[in-house]
Amino acid sequence: MILSLHHVLMLSAIVFGIGVYGALTRRNVLGILMSIELMFNAASLNLVAFNHFLHPGEVRGQAIVIFVITLAAAEAVVGLSLVLSIYRNIKSVYTEKMNLLHG
Amino acid sequence: MVDYAYLIALLPFAAAILIFFFGRWLPVKGAALGILACLASFGISFDLLMQVLDGTLKLPHEIHYPWFEVGLFQFEWGVLLDGPSLVLVVAVSGISALIQIYSVGYMHDAPRFKRFFSYLSLFTAAMLALVLANNYLQFFIGWEIMGACSYFLIGFEFERDAAGAAGNKAFLTTRLGDLGFYAGLLTIFFVIGTFNFTQIQNHLHDGNVSTHMATIIALLLFCGTVGKSAQFPLHVWLPDAMEGPTPVSALIHAATMVAAGVYLVARSYGFFLQAPQALEVVAWVGGFTAIFAATIAVTADDVKKVLAYSTISQLGYMIMGLGVGGYSAGLFHLTTHAAFKALLFLAAGSIIHSVHTNDLWKMGSLSKQMPATFWTFLSGTLALVGFWGTSGYFSKEMILGAAYGSHHVLLYGIGCAGAFLTSFYMTRAFSLIFLGDPRERDRFAHAHESPWSMIVPLMILAVAALGLGWFMHAPETLERFFPMPGRPDAAVPPWVGLVALGSGFLGLAVGGALYLGSLTLVGQLASAFAPLHKLLKNKYYIDELYWAVFVRPTGKLAELLAWFDFNVIDRIFVDGFGQAASLWSEIQSWIDDHLVDGVVNGSGWSAESLGAIARRMQNGFVQNYLLVITMTLVALLTAMETFVGKH
Amino acid sequence: MFELGPIFSRAFQVLQSWGIGHGLSPLGAWILSKAIQAGIVVLLVSLVPIVLVYAERKVSAFMQARLGPMNVGPYGILQTLADGVKLFFKEDIIPVGSDRLVHILAPMVVVSPVFVCFAPVPFGKGLVPIDLDIGVLFIFAISGISTIGVLMAGWGSGNKFSMLGGLRGAAQLVSYEIPRVLSVVPVLMFYGTQSLRSIAAAQQGLWHGFLPRWFIFYPVVGQLAFIIFLIASVAETNRTPFDIPEAESELVAGFHTEFSGLKFALFFLAEYAYTFLASAMAAALFFGGGDGYSAGGWIPSWFWFLGKTFAIVFMFLWFRWTFPRLRVDRLMQFCWKFLLPWSLVNVGLAGLMILLRK
Amino acid sequence: MEQTLATLIFAGLAVLLIGLSLVVVTSRSVFRGAIALTAALGVVAGIFALLGADFVAASQLLIYVGGIMIIMLFVIMLSQRPQDHLDRQTNDQWVWGVLFSLAIVCALILQFRAVYRGVFADTVAVPTTAAIGRLLLGEMVVPFEAVSLVLLAALVGAVYFGLEKGERR
């Protein structure tokens, strides 16, 4: 069997699904953030795979992955500083505890 | 010069940003910068106007700059210079500059002075960008920025609750209209695939748009106009907008916000021409608004409210003019109205500045104390009532002529009645302010003429209000600036104009007779027609109606749901079903309470299930929202696979 | 004359044909030869620390007017080996209440990237394990993994001093990574490639007949880049004066407090291997790699390269025994407020120079 | 030959990636989850390299492993309490989570199989660094600058949120 585009895409779909599952079910905010990183990576995998299989010789897909990575970094930094800030206030990282605005 | 046309909008925009951030260190706290920017815009646009008059610049002239691409569609920003846009740009930048100069005097000791000028500049920039836009997208951006600015400026003195509420009201009401406008934009893009005015015009010309579609688009766009230009039934925000500082009122009413709505109809005239029914709707909404607002103005006691209702009424005229096919007449009136309404507002501001009240009945005999204001207000009044020879005379005649010429005799009659009412209430306001006896000695004694920075703009505007008509009324001039994109104006018999003029004079006479005398007759008349007077005084109870029909039920519903959140659902979820029995009794008692209170919302069961659904959707638990998103994603993917099929 | 490159390549050719002759597929033979190459690199990198530890002890001793190790072997040469044997037989302690898995993995995560990092290093003419097109970036990327190991060590010990040491260490490593990478950017800008071999090769020849065309001799840019690279590298290897993560007087021994025996030895190995790596990079980036006055003559290029590398290693040792330790906040300030701005200025200067030379 | 090797390596990496991802979302200890995520990101970098994206692979390692994950571990170390690994780590809607993520995976896989089956590439990997550089500073310069702005904003935001209450002004 030779490596084909849909193998990579299937892998990315599975990783994305795992990420979705994590984002839906982790109690810990950090767990959610990590799951989101998984989803980001699934998307990046797709981009690189499309680049490799559909447009060989070009690098546009890879350039977009660079953007994805950069934005993921920005997202993670802001998210983590928010988590830290929340932790300072309510001494917990569990989502259901973050209900200060809840009546 | 024409290549720099985009600077017209860009300069005030830059000024707004500079004032906002660095105003503290600029001369006159940044006001000088805003005025200079506006004057520069005025200079550029005036120069362009002169070029057009010389014949060195051919209209229309379009400049494109690529902006971004989505798929096959290219978006651009650009400048479309044609007659209407050029005339309006000149008017807007000129009036805005004058208003800013005036504001330096008017606002000199107000707090947030710098921010005020920043907003004024941004407001002007947005309007200029809108007027110059060569596509609907840019138009819409300017439109929305103006919406935001109006919110900031009407609620500028937000320390007073009324001002804040008025800002909210203006924003939300116009937003209701914007919804239609937005839907119209989407429809245009869906049907035609471009936002560019010229291209759309070509498509319309080639008959690529069915009458059916054109009607839908035209009516949706007209929703935006109804909101922005304060037409019935969305006119309610405009009188309340008087809570803003007077220069703001002048800017909103004369040059920027409300003009945008009329301009929208003019820009989209191609759609309306394809859709005669839509045009009919426009004409009747305009005509109804014209007479409707005029009747309210008759009983208003606040000088600014009188002017506000007169604005609504005049806007009705313009809309009606456009609706009956008088394209050039409507735009002409827009231009002249900008001049004399700005004048009237600024003069009213000068009066308020001097006597510190808005109430007509507390003024009187001010002509002696404030001669400059008196004369300028007088010229504004004459222009507004359409006194022979003033600018208002020419434009209003044209609108009425167009109405008659297109066989809308009833609208013509309404227009004449409106003219009568206009003369009447303006005479009333004018007499109460300037003539007769001073009714409050204290105020009268302390009244004084305003500073030069306020008077000079008034004088310039007075000249414009009186002279603009002579300058522009010739058919060839109008043809040059407002070339009719459809049928030509029909010829009308001369008596049509005379009747309109006559009804104006009649208004003057009746008003003078009533209000120059002892004023006792006025009181008697008011009590004789007490129900009518009360109805007018309360503005036909429109506000109350809206409050009862829309605002209160929404509030009640929110209260209801909130109550459920707090008392029913929380407990079910917290205590579990073990305490269902006690909860049940609570629900029962609650239903009793609310039934007694008169708020009926079906039975307790339906309310409970409704609340439970609302509660499930809004439980403040982020991952649950995420679950919903995921569900939707799954549904979409499934739908895609099922319906779109395999490639 | 004594160039090793041709000998090696000939040997591997022979090896491959031998393998194919004995029933291996060409791919299998290729994998075999690459595996042997990798084995050589791993062996070299594992042996270097033994030399370096000995050198460190001797250098420190001489600086302090002592003799250093003298008893095991002649001049104490075998002292390090003896220590290694001792560490090998020490008890392997895993603290109660620690995260066992993380504790065991930590030293491995710290050490294993080092070996990979040597892949694109040009030890001499024809002596590049793999000439990667993204060499410099590759080294920076892979060596970044070790930071994770430091954090794992801090967490996996179940000890607050270790945890603090790990946190401090990671903060320091991440911070100094930035000026370190930026200091190399001018080099990449001038030579237009990231391959270490190409960069070293581009620095051959002389200016005005006497000055080698090494990057360090580029006016201002070269020196500034080298100084920043050197300082940041010292910090990256957790050596004094930047040894905050393992500051004995404050944190017992930082993140490797709870590690004993072979695991401790692995941390040590990593530190010295990174020192060697940084020196080798500096030699290739700033000192022309295997280029020398008589390269191609009777002194082989690998000797030049190792000579330059060890000269820079000596500077590392020198620093350690000369400067006092910085306080933790000063350390970070130095990085963010001094090194980072100046490395950015340096990048700008390099751009300006390139622009002006056109 | 080479293709087979690539396929084998890919299969190994794929299994590894899926396993590590599962650890990320199921592990009771968040720290271990983060370590697994780090490894998973490394594996993704490996797949990138396999697909001829060497520069992206190195960037992935440099930024994710060398940057993001370290900060994440930092926050985990700062925000964990000793008893945390005794807590339940999944919430009440995990059944739905399994259901819907499975649905998504199935839908995506079906679609991918239908559309992209049998697309092969036998191109030799070429160096991409220079090409990416030219693309980023040429055609894509506007998004590039925009991303820089986003990063700056993120930096400022992070610093602001990181400040103690008293330090905010």
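Residue numbers (the numbering used here), protein chains in the order written: chain D, -9 to 93; chain P, 8 to 654; chain V, 23 to 380; chain B, 2 to 170. Just so it is clear, CB atoms sit at the ideal spot from N, CA and C, and this is done for glycine as well. Fair warning: this is a prediction, and the values are worked out from it, not measured in the lab.
Looking from the CA of B/L51, the closest CA among B/V160, B/E146, B/G163, B/A12 belongs to B/A12. A distance of 8 Å or more separates the beta carbons of P/S386 and P/Y522.
For a Cβ distance threshold of 7 Å, residue set I170 of chain V lies close to B/T39, ordered along the chain. In this structure P/I106 is in contact with P/A257, their Cβ atoms being roughly 5 Å apart against a cut-off of 8 Å. Less than 8 Å separates the beta-carbon of P/G511 from that of P/G393.
Taking 8 Å as the threshold, the shortest C-beta distance from B/I105 to chain P falls below it.
For B/Q94, the residues of chain P that pass the 8 Å Cβ criterion are Q630, N631, L634, in the order they occur in the chain.
Nearest Cα to P/F120 within the set P/V97, P/I26, P/L55, P/L64: P/I26. The criterion of a C-beta distance shorter than 8 Å is satisfied by B/V148 and D/F57. Annotation for P/G293: G323, I326, M327, G330 place their beta carbon closer than 6 Å to its own, counting only its chain and skipping 5 residues before and after. Exclusion of the five residues before and after P/I259 leaves S157, A248, V265 as the residues of its chain whose Cβ lies within less than 7 Å of its Cβ.
Taking the Cα of P/P490 as reference, the smallest distance to any Cα among P/V35, P/L18, P/P67 is reached at P/P67. CA-to-CA, the gap between P/D308 and P/I636 works out to about 54 Å. When only Cα atoms are considered, P/A237 and P/I319 end up about 6 Å apart. When Cβ-Cβ separations below 8 Å define contact, B/R114 makes contact with chain D.
Unbroken alpha helix (DSSP H) runs of no fewer than 4 residues, entirely contained in the region 37 to 75 of chain B, are found at 55 to 60, following chain order. P/H68 has P/L88 as its beta-bridge partners, per DSSP. Between the C-alpha atoms of P/T232 and P/G184 there is a straight-line separation of about 7 Å.
Check the Cα spacing between V/D114 and each of V/F309, V/G41, V/F286: the tightest is with V/F286.
At least one CB atom of chain B sits nearer than 8 Å to the CB of D/M24. Taking C-beta separations shorter than 6 Å and ignoring five residues to either side along the sequence, the partners of V/A141 in its chain run P151, I152, following chain order.
In the DSSP annotation of this structure, the continuous segment of the alpha helix (DSSP H) that includes B/F11 starts and ends at 3 to 27. By the rule that beta-carbons nearer than 8 Å mark a contact, B/A59 does not touch chain D. In this structure, DSSP gives P/A140 an extended state, which the three-state scheme calls strand.
Within the same chain, I250, A254, C357, L361, L362, S365 come within 7 Å of V/P201 by CB-CB distance, once the 5 residues on both sides are set aside. B/V76 is not a Cβ neighbour of D/L28, given a cutoff of 8 Å.
The beta carbon of P/A190 sits closer than 6 Å to those of L227, all from its chain and outside the five residues before and after it, given in chain order. V/F332 and B/L156 have their C-alpha atoms some 40 Å from each other. P/D168 sits in a helix when the DSSP states are folded into three classes. Judged by their CB atoms, V/L218 and V/V133 are not nearer to each other than the 8 Å cut-off. Residue state for D/N18 is assigned as strand, using DSSP reduced to three classes. Of the residues assessed, V/R342 falls on the buried side of the cut-off, its CB having 16 or more other CB atoms within 10 angstroms. Taking each of V/G176, V/F145, V/K80, V/I170 in turn and checking the Cα distance to V/K330, the smallest one comes out for V/F145. Excluding its 5 nearest sequence neighbours in each direction, D/V68 has no C-beta neighbour in its own chain below 8 Å.
Within chain D, the residues placing a beta-carbon under 8 Å from that of P/T637 are V10, L14, ordered along the chain. Non-local beta-carbon contacts of V/I221 in its own chain, meaning distances under 7 Å to residues more than five positions away in sequence, involve V209, Y213, T215, A306, L307 in chain order.
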